[in-house]
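So in the numbering used here, the last spot in the sequence shown is 223, and the numbers never skip.
Quick reminder that beta carbons are idealized off the backbone N, C-alpha and C, glycines included.
Everything below concerns the one structure shown next.
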Amino acid sequence: MGIPFSFAPGEENGEATLAVTRLVQEWLDRRVDQVIAARSTFSFGLDAMGATIHDTDPDGQFIAWMGQFQWAQRFGERHYQVIFKSNLQLTNDPLLPMEKCALGGMDTVRGYPENTLVRDECFVASLEFRAPVYRLPLPGVSRGPEEGQIQLAVFADYGHAKNKGVFDLDPNEIYSAGVGVRWDPGPKVHTALYWGYPFKEVDVGDKGWLSPRVNFFIQAAY
2 MGIPFSFAPG EENGEATLAV TRLVQEWLDR RVDQVIAARS TFSFGLDAMG ATIHDTDPDG
62 QFIAWMGQFQ WAQRFGERHY QVIFKSNLQL TNDPLLPMEK CALGGMDTVR GYPENTLVRD
122 ECFVASLEFR APVYRLPLPG VSRGPEEGQI QLAVFADYGH AKNKGVFDLD PNEIYSAGVG
182 VRWDPGPKVH TALYWGYPFK EVDVGDKGWL SPRVNFFIQA AY
């Protein structure tokens, strides 16, 4: 109709402007059979450069922190793997949509659609076991003995998210479990197919999601 409108609190005619400074700290411990990584990100939303500012609604002035942790362990003669990942975001104020946590999908809680929960604060955790079953090298890409491995995986994902202030919504958590298959032809080429079962029903109008969902990705870098 050509008339602008807003989908989320804090937006003005469907738009919002942010001026954000981020302070990032990283730590990595890499060994032959183990990798531990941590990342801390402080985000400072500033009242500058035309940032969207309100008295009560979510706006561009905020302080938020995100902590990320990952542990991967390889063991046994067949090189089984266990991978644990978690993210935590905290904030002092309600956030505009582009700074919120988005849960659901391949990178957070598999078995749910992307952006099933979009909230100010969140905690996400994932535990996965992978077992190599076959080596299928890709000509011109796979060079080392570890490249081209096909792995079967089982996983469990959990996500909890909430809003600050009066904009909190239900539900606040989703969780799933499932299986998958991965193929990594080379250090810069990865593919994965996961089947996840969502244990927590999420309503959309008069309907809800409670059916298994497949997540798939192909990643290549040159």
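Output the boundary residues of the beta strand (DSSP E) element that contains residue i.
i: T109; result: Here T109 belongs to no beta strand (DSSP E), and DSSP marks it neither H nor E.
i: F200; result: Per DSSP, F200 belongs to no beta strand (DSSP E) and is neither H nor E.
i: G187; result: E174 to G187
i: K163; result: Q150 to K163
From the DSSP output, in three-state form, read off residue i for me.
i: M2; result: At M2, the pLDDT of 46 sits below 50, so the modelled position is not reliable and the matter cannot be decided from this model.
i: F141; result: What sits at residue 141 in the sequence shown is Gly, not Phe. In the structure shown, G141 sits in coil (DSSP, three-state: anything other than H, G, I, E or B).
i: P133; result: strand
i: E122; result: strand
i: N88; result: strand
i: S7; result: Bear in mind that a pLDDT of 44 at S7, under 50, signals an unreliable position, so the model cannot answer this.
In the DSSP assignment, what residue or residues form a beta bridge with residue i?
i: T22; result: F45
i: L194; result: V182 and F217
Going by the CB atoms, is the gap between residue j and residue i shorter than 8 Å?
i: E128; j: F85; result: What sits at residue 128 in the sequence shown is Leu, not Glu. Contact: yes.
i: I64; j: Y113; result: no
i: Q152; j: E122; result: no
i: F156; j: R214; result: no
i: G160; j: L96; result: no
i: K163; j: T92; result: no
i: G107; j: N88; result: Rather than Gly, the amino acid found at residue 107 in this sequence is Met. Contact flag unset, no.
i: A132; j: Y195; result: no
i: T22; j: L47; result: yes
Could you name each continuous beta strand (DSSP E) segment of 3 residues or more that falls completely within the stretch 28 to 86, going from the start of the chain to the end?
35 to 46 and 63 to 76
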